[in-house]
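Trainee: Just so you know, the protein sequences line up as chains A and B, in that order.
Reminder that position 240 of the first sequence reads as 485 in our numbering, one-by-one numbering, no gaps.
Reminder that position 184 of the second sequence reads as 429 in our numbering, one-by-one numbering, no gaps.
There's a structure below that I have some questions on.
Protein chains: 2
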Amino acid sequence: MLDVQAPDAPLTLCPNSNASSECAHCKVRALSVCSALEAEELAALDKLARHVSFEKHQTIFAQGEASHSVFNITSGSVRLFKLLPDGRRQIVGFALPGDFLGLSLSERNAFSVETLSIASACQFPRAAFSELADAKPHLLRRLYDMAGHELSLAQDQMVILGRRTAEEKVAAFLLGLRKRWARIDGSTVRAPLPMSRQDIGDFLGLTVETVSRMMTKLARDKIIVIVPDGVRLLDLARLEALAET
Amino acid sequence: MLDVQAPDAPLTLCPNSNASSECAHCKVRALSVCSALEAEELAALDKLARHVSFEKHQTIFAQGEASHSVFNITSGSVRLFKLLPDGRRQIVGFALPGDFLGLSLSERNAFSVETLSIASACQFPRAAFSELADAKPHLLRRLYDMAGHELSLAQDQMVILGRRTAEEKVAAFLLGLRKRWARIDGSTVRAPLPMSRQDIGDFLGLTVETVSRMMTKLARDKIIVIVPDGVRLLDLARLEALAET
DNA sequence: TCATCACATTGATGAAGATCAATAGAGCTG
DNA sequence: CAGCTCTATTGATCTTCATCAATGTGATGA
């Protein structure tokens, strides 16, 4: 089995995180892979966990590297992206608190992960995690369901990338993000945007300039208000009309 | 538990498919969800299976409908697609022999599936299949791994849709398809194209005309040859250079 | 064999969004 | 608070691909 491999220079490392207090007090447990597990399974998972923290814009792991760990984000947010040799970048997702990184347990990372803000995560050795999944069917089932859900989101994103206009892309992005924040902090009209316009562009297959123009247009049309670090969604009905499935 | 719900008007229905001969002789077993299962698990799966056949361009199931069954394609090929209210279409994938439909076991179908040719499949009642997965950890693990693989393919497709030019899209599509055919029939330079140019366009986020122009260009550049019902890949190196990750 | 029909190809034009360029803020640091 | 840097916004122009339109081709069937 592989050793636990710490990602580059985490700010803090809590070797005693296997104390059951960690999981028991975890704010994102209800949202995470750990939800719907029995006490004994949770304890086994807890034993593998190591709590790590990251600075803003730190790399958690890189595309192509051997994959040693899987992670559960506990605070902050991160971008998942793939790079082409010539530098073009496609962001394949953003992970928020409660999100799990490591659904496709391959030998090598299929994408890179970088923090958007300071962030923290539960880290698990990949091999041990995989073995635990085999030993605990509830965990495996949970992982399978999460993978199915992710797959469904990825297919939605394909529609956005392949068949929507720039304005529709931005509208769908804002709605999708708000929906995810709602699960976490219950906010209804606020959508914090921890990522840059460039990040949004690389997620939606647009340039920074086009993202900026579309945001301005939505604001001019009184559908959103641009506020520091995010937007407020003023007119959900019209936003949904733009983004409708 | 839900009844087995046959898709609309399958051409043939073999109620005796639970005879173990079916699975034992299945040509695509090595490629399918059924691979890497123990004899007892395979037998349990076999009991649920029903072999069904479809005509060309028949709907197997439709987006938004309640999902009653999951399928394993045994011959022919199908398109998986999502429709927007105004008729725009995004094909989220093509399934070839051995491919499994039903990785995200949600209540309603997230997309429609139609055959591209005459095709046949193993049909399983969704609820019973889900229960079997819970009872047979090997099956569940297999499903989880397949879901992870699909997720990874979906992320590759996001890069193609979001950050590649028309020519690169077509090159990547042809290479990807050839790779999948190679697993099935071992062909190395032939890539049968059971789908129309329109289908390819709706998969790549292009119009029919652009797909046609790019195919012509690749043929003019002696990278491919267009043959009836498919293409031959003449210059894999240059094709890979266009499609490189 | 020819008519029909669906699909593919090719050409001409147009529009959405990319690119190039300049300016404006916002956050840091000395 | 001035100066610096990084990001966002806005404007002008250009390119790629979409759209509109015509023609070609291969399969089917009378």
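Quick reminder that beta carbons are idealized off the backbone N, C-alpha and C, glycines included.
Note that the coordinates shown come from a computational prediction; the quantities given were computed from them, not determined experimentally.
(1) Output yes if chain B places a C-beta closer than 7 Å to the C-beta of A:Val337; else output no.
(2) At 9 Å on the CB atoms, spell out the chain A contacts of B:Lys327, in chain order.
(3) Three-state secondary structure (DSSP) at A:Ala251?
(4) Within 10 angstroms of the Cβ of B:Ile471, are there 16 or more other Cβ atoms? Answer buried if so, exposed if not.
(5) A:Asp474: which of A:Glu454, A:Leu438 and A:Arg274 sits nearest, CA to CA?
(6) Would A:Glu280 and A:Thr319 be called neighbours here (beta carbons separated by less than 7 Å)?
(7) Can you find the residues in the same chain that come closer than 8 Å, C-beta to C-beta, to A:Leu385, ignoring five residues on each side of it along the sequence?
(8) Name, please, each residue of chain A whose Cβ falls closer than 9 Å to the Cβ of B:Pro575.
(9) What in chain B is Cβ-close to A:Asp379, meaning under 8 Å?
(10) Leaving out the 5 sequence neighbours to the left and right, which residues in its chain are closer than 7 Å to B:Val476 when beta-carbon positions are compared?
(11) Closer than 7 Å, CB to CB, is A:Arg428 near chain B or not?
(12) With a threshold of 8 Å, are at least 3 pairs of Cβ atoms found where one atom belongs to the stretch 314-334 of chain A and the other to the stretch 400-417 of chain A?
(13) If distances are taken between C-alpha atoms only, which option among B:Cys367, B:Glu412 and B:Thr455 comes closest to B:Val278?
(14) How would you label B:Leu396, buried or exposed, when you count the other beta carbons within 10 angstroms and need 16 or more for buried?
(15) By Cβ distance below 8 Å, which residues in the same chain neighbour B:Ser219 in space, the five residues on each side in sequence not counted?
(16) Using a Cβ-Cβ distance under 7 Å, would A:Gly450 count as near chain B?
(17) Quick one: which residues of the stretch 348-370 of chain B get their C-beta closer than 9 Å to a C-beta of chain A? List them in chain order.
(18) Three-state secondary structure (DSSP) at B:Phe299?
(19) In whole angstroms, give me the CA-to-CA distance for B:Ala417 and A:Ser357.
(20) Does B:Gly407 come out as helix, strand or coil in the three-state DSSP assignment?
(21) Measuring only between beta-carbons, confirm whether A:Leu396 sits less than 7 Å from chain B.
(22) What number of angstroms, rounded off, separates the C-alpha of A:Gln250 from the C-alpha of A:Ser314?
(23) Is B:Leu325 a contact residue of the ligand HEM, with contact defined as CB to any heavy atom under 6 Å?
(24) Runs of 3 residues minimum, wholly inside the stretch 415-484 of chain A: which ones carry the beta strand (DSSP E) assignment?
(25) On the CB-based measure, 16 or more other CB atoms within 10 Å of its CB, does B:Arg465 come out buried or exposed?
(26) Does the beta carbon of A:Ala392 come closer than 7 Å to any beta carbon on chain B?
(27) Just the C-alpha distance for B:Gln443 and B:Val453, rounded to the nearest angstrom, thanks.
(28) Given that a residue counts as buried once 16 or more other Cβ atoms are within 10 Å of its Cβ, and exposed if not, what is B:Ser441?
(29) Inspect the beta-carbon positions of B:Pro382 and B:Val273 and report whether they are closer than 7 Å.
(30) Quick one: list the residues of chain B neighbouring A:Arg333, beta-carbon separation under 7 Å, in chain order.
(31) Kindly indicate which residue of A:His394, A:Val434, A:Ile363 and A:Leu287 has the alpha-carbon position closest to the one of A:Ala482.
(32) Looking at the C-beta of B:Pro473, does it have a partner C-beta in chain A at a distance below 7 Å?
(33) By the criterion of Cβ-Cβ separation under 7 Å, what are the contact partners of A:Pro330 in chain B?
(34) For A:Ala340, which residues of its own chain have a beta-carbon under 7 Å away from its beta-carbon, when the five flanking residues on both sides are left out?
(35) Please name the residue in B:Ala486, B:Thr360 and B:Asp390 whose C-alpha comes closest to that of B:Val415.
Mentor: Taking the coordinates as given:
(1) Within the first sequence, the letter at position 92 stands for residue 337 of chain A. Yes, A:Val337 lies at the interface with chain B (some Cβ there is under 7 Å from its Cβ).
(2) Here residue 327 of chain B corresponds to residue number 82 of the second sequence, with the count starting at 1. The answer, in chain order, is Gln400, Asp401, Met403, Val404, Arg408 and Thr490.
(3) Taking the first sequence and counting its residues from 1, one reaches residue 251 of chain A at position 6. Only weak support exists for where A:Ala251 lies, its pLDDT of 40 falling under 50; the coordinates are left without a value.
(4) Taking the first residue of the second sequence as 1, we reach residue 471 of chain B at position 226. Exposed.
(5) Taking the first residue of the first sequence as position 1, residue 474 of chain A is located at position 229. Of the candidates A:Glu454, A:Leu438 and A:Arg274, the one whose C-alpha sits nearest the C-alpha of A:Asp474 is A:Leu438.
(6) Position 35 of the first sequence holds residue 280 of chain A. Position 74 of the first sequence holds residue 319 of chain A. The sequence given here places Ser at residue 280 of chain A; Glu does not occur at that position. No. Outside cutoff.
(7) Here residue 385 of chain A is taken as the residue at index 140 of the first sequence, counted from 1. Within the same chain, A:Leu385 has close Cβ partners Ala378 and Asp379.
(8) Outside the modelled stretch of chain B, which goes from 246 to 490, sits residue 575 of chain B, for which no answer is possible.
(9) Numbered from its first residue, the first sequence carries residue 379 of chain A at position 134. Under the 8 Å cutoff, chain B gives Pro382 and Arg386.
(10) Position 231 of the second sequence, counted from the start, is the residue given in the question as residue 476 of chain B. Cβ neighbours of B:Val476 beyond the five flanking positions: Leu419, Ala436, Leu438, Ile469 and Val470.
(11) As a position in the first sequence, residue 428 of chain A is number 183, starting the count at 1. Not one chain B Cβ lies under 7 Å of A:Arg428.
(12) no
(13) Start at 1 with the first residue of the second sequence, and residue 278 of chain B comes out as number 33. For B:Val278, the nearest C-alpha among the options comes from B:Cys367.
(14) Along the second sequence, one-based indexing puts residue 396 of chain B at 151. The residue is buried, with at least 16 neighbouring Cβ atoms inside 10 Å.
(15) Residue 219 of chain B lies beyond the range of chain B shown here (246 to 490); nothing can be said about it.
(16) For the purposes of this step, residue 450 of chain A is taken as the residue at position 205 of the first sequence. Chain B contact via Cβ: present.
(17) Leu348, Ser349, Leu350, Ser351, Ala355 and Phe356
(18) Translated into positions along the second sequence, residue 299 of chain B becomes position 54. Residue state, collapsed to three classes: strand.
(19) Along the second sequence, read from residue 1 onward, the residue named residue 417 of chain B stands at position 172. Along the first sequence, read from residue 1 onward, the residue named residue 357 of chain A stands at position 112. Taking the straight line joining both Cα atoms gives about 21 Å.
(20) One-based indexing of the second sequence puts residue 407 of chain B at position 162. It is helical.
(21) Counting from 1 along the first sequence, the entry for residue 396 of chain A is found at position 151. Answer yes: the Cβ-Cβ gap between A:Leu396 and chain B drops below 7 Å somewhere.
(22) Stepping through the first sequence from its first residue, residue 250 of chain A is reached at position 5. Stepping through the first sequence from its first residue, residue 314 of chain A is reached at position 69. Note that A:Gln250 scores 37 on pLDDT, short of 50, meaning its location in the model is unreliable and no value can be drawn from it.
(23) Judged by which ligands are present, the structure shown has none, so any question about the ligand HEM falls away.
(24) 435-437, 469-472 and 475-478
(25) For the purposes of this step, residue 465 of chain B is identified with residue 220 of the second sequence, where counting begins at 1. The residue in question, B:Arg465, is exposed, as its Cβ has fewer than 16 Cβ neighbours within 10 Å.
(26) For the purposes of this step, residue 392 of chain A is taken as the residue at position 147 of the first sequence. For A:Ala392, the answer is yes, since a Cβ of chain B falls inside 7 Å of its Cβ.
(27) Within the second sequence, numbered from 1, the residue matching residue 443 of chain B stands at position 198. Within the second sequence, numbered from 1, the residue matching residue 453 of chain B stands at position 208. B:Gln443 and B:Val453: Cα-Cα distance of roughly 5 Å.
(28) Reading the second sequence from its first residue, position 196 is the one you call residue 441 of chain B. Counting Cβ neighbours within 10 Å, B:Ser441 comes out exposed, since fewer than 16 surround it.
(29) Your numbering for residue 382 of chain B matches position 137 in the second sequence. Your numbering for residue 273 of chain B matches position 28 in the second sequence. Taking 7 Å as the Cβ cut-off, B:Pro382 and B:Val273 do not qualify as a contacting pair.
(30) Locating residue 333 of chain A in the first sequence gives position 88, counting from the first residue. Near A:Arg333 (Cβ distances below 7 Å), the residues of chain B are Arg408.
(31) As a working mapping, residue 482 of chain A is identified with position 237 in the first sequence. Among A:His394, A:Val434, A:Ile363 and A:Leu287, the Cα nearest to that of A:Ala482 is on A:Val434.
(32) Translated into the one-based positions of the second sequence, residue 473 of chain B becomes position 228. For B:Pro473, the answer is no, since every Cβ of chain A falls outside 7 Å of its Cβ.
(33) Numbered from its first residue, the first sequence carries residue 330 of chain A at position 85. Within 7 Å Cβ-Cβ: Glu489.
(34) Counting from 1 along the first sequence, the entry for residue 340 of chain A is found at position 95. Correct list, in chain order: Ile318, Ser322, Val323, Leu325 and Leu346.
(35) Within the second sequence, residue 415 of chain B is the residue found at index 170, counting from 1. Ranking the options by Cα distance to B:Val415, first place goes to B:Ala486.
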